[in-house]
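Numbering (numbering that gives the first Met the number 0), first residue to last: 0 to 290.
Just so it is clear, CB atoms sit at the ideal spot from N, CA and C, and this is done for glycine as well.
Given the structure is predicted, the values throughout are model-derived calculations rather than measurements.
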Amino acid sequence: MDAGRFPVKRAVGEGVIVEADIFADGHDTLAAVLKHRHESTPDWTEVPMTPLVNDRWRGRFNVTKLGRYAYTIEGWVDHYRTWSARLAKRIAAGQDIKIEIEIGARLIDEAAARASGQDAAKLTALATAIRKQAKAPDAKQKEDLDALMDRHADRSLGTRYQRELEVVVEPERARFGAWYETFPRSAGKAGVHGTFRDLENRLPYISDMGFDILYLPPIHPVGKTHRKGRNNSTRAEPGEPGSPWAIGSEEGGHKAINPQLGTLDDFKRLVSVAGEHGLSIALDIAFQCSP
Numbered sequence: 000m001d002a003g004r005f006p007v008k009r010a011v012g013e014g015v016i017v018e019a020d021i022f023a024d025g026h027d028t029l030a031a032v033l034k035h036r037h038e039s040t041p042d043w044t045e046v047p048m049t050p051l052v053n054d055r056w057r058g059r060f061n062v063t064k065l066g067r068y069a070y071t072i073e074g075w076v077d078h079y080r081t082w083s084a085r086l087a088k089r090i091a092a093g094q095d096i097k098i099e100i101e102i103g104a105r106l107i108d109e110a111a112a113r114a115s116g117q118d119a120a121k122l123t124a125l126a127t128a129i130r131k132q133a134k135a136p137d138a139k140q141k142e143d144l145d146a147l148m149d150r151h152a153d154r155s156l157g158t159r160y161q162r163e164l165e166v167v168v169e170p171e172r173a174r175f176g177a178w179y180e181t182f183p184r185s186a187g188k189a190g191v192h193g194t195f196r197d198l199e200n201r202l203p204y205i206s207d208m209g210f211d212i213l214y215l216p217p218i219h220p221v222g223k224t225h226r227k228g229r230n231n232s233t234r235a236e237p238g239e240p241g242s243p244w245a246i247g248s249e250e251g252g253h254k255a256i257n258p259q260l261g262t263l264d265d266f267k268r269l270v271s272v273a274g275e276h277g278l279s280i281a282l283d284i285a286f287q288c289s290p
């Protein structure tokens, strides 16, 4: 977005459509690819771009992993397809194509030099066959040539977009979800501090109402200094639990769990059981701390 200043956002499984104006001087045929990769790999995946109208090209790729994707485009003059189009015009006009056949065969030879293994052998054989038959490639030869020449195109004078743009990929649920907020400490019996295990008992009820996300306030130890009381009172009476956003006590801070709620294993169990009911757990990101 904003010319690449900010990444675009997608959910897992969605597509990213990229359009660009790609052009060159003259009448040569062009080719372009949309290059993309996930942040976990240095290797690019290429998708051919398709010309639309008036130098506008389009490509698309799907995002299949969470995280960040980079993408850019690359374009070049496609000498093989330029030659192929020119050859077809000369044939249609009834002109001598002897020189054009040799030009095409040399382009294929050059591609064979860039290729290796079976591709190189196939290209060499096709160049020999075209010279020998002294006419345009037949349908099968052209099908093979198109694929091989695309794979081993001469990009030495190609142009690559100077920036790598980004896509941030989030879970599908990030597009839309029904959120239910609850305080685990209120999940127990009246007058008794609730626990993660108590909250487990409420999961079927929450799920049956059609919610997707169970949102919890901070689950860390609650501070005692200047602890707030009931109804946001600035003074807490004995036994009042305080605000969970006032994080930190002798029992730990932002990396600890309030022992009145349970243990880390209890929380992991809550996440697992919630998943069995089709619920995801969302935690409040709270940077506040008790003085």
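If residue i and residue j are in contact, beta carbons under 8 Å, what's the gap, nearest whole angstrom?
i	j	result
D265	F195	4 Å
V15	R59	7 Å
A110	L86	Between L86 and A110 the Cβ distance is about 16 Å, and since that is not below 8 Å, they are no contact.
E165	R80	Not confirmed; about 32 Å, so no contact.
L122	A114	6 Å
Check residue i in the structure and name its three-state DSSP category.
i	result
T123	helix
G274	helix
D143	helix
A112	helix
R130	helix
I234	Looking at the sequence provided, one finds Arg at residue 234 rather than Ile. Looking at R234 - three-state DSSP - the assignment turns out to be coil, as it is neither helix nor strand.
L306	For the chain, the structure presents residues 0 to 290; residue 306 sits outside this window and is missing.
K267	helix
When burial is assigned at 16 or more other CB atoms within 10 Å of the CB, is residue i buried or exposed?
i	result
D77	buried
H219	buried
W178	exposed
L51	exposed
F22	exposed
H26	exposed
G103	buried
G222	buried
Just the Cα atoms here: how many angstroms apart are residue i and residue j?
i	j	result
V272	E199	7 Å
A320	A173	Residue 320 lies beyond the range of the chain shown here (0 to 290); nothing can be said about it.
D1	V7	10 Å
R234	T224	10 Å
F175	G190	36 Å
T127	T63	43 Å
G241	K34	53 Å
D24	L156	14 Å
V270	Y204	16 Å
I107	A91	23 Å
D54	P243	58 Å
What residue range does the alpha helix (DSSP H) around residue i cover?
i	result
I90	H78 to A91
G58	Element bounds for G58: not the alpha helix (DSSP H) but the beta strand (DSSP E), R55 to N61.
L202	L202 to D207
R196	F195 to E199
Between which two residues does the beta strand (DSSP E) harbouring residue i extend?
i	result
S279	S279 to L282
R9	V7 to A10
W178	W178 to E180
H35	L29 to H37
G261	First-last for G261: undefined, no H or E at that position.
D20	G14 to D20
Is residue i close to chain C, meaning its C-beta is less than 8 Å from at least one C-beta of that chain?
i	result
L144	The structure shown contains no chain C, having only a single protein chain.
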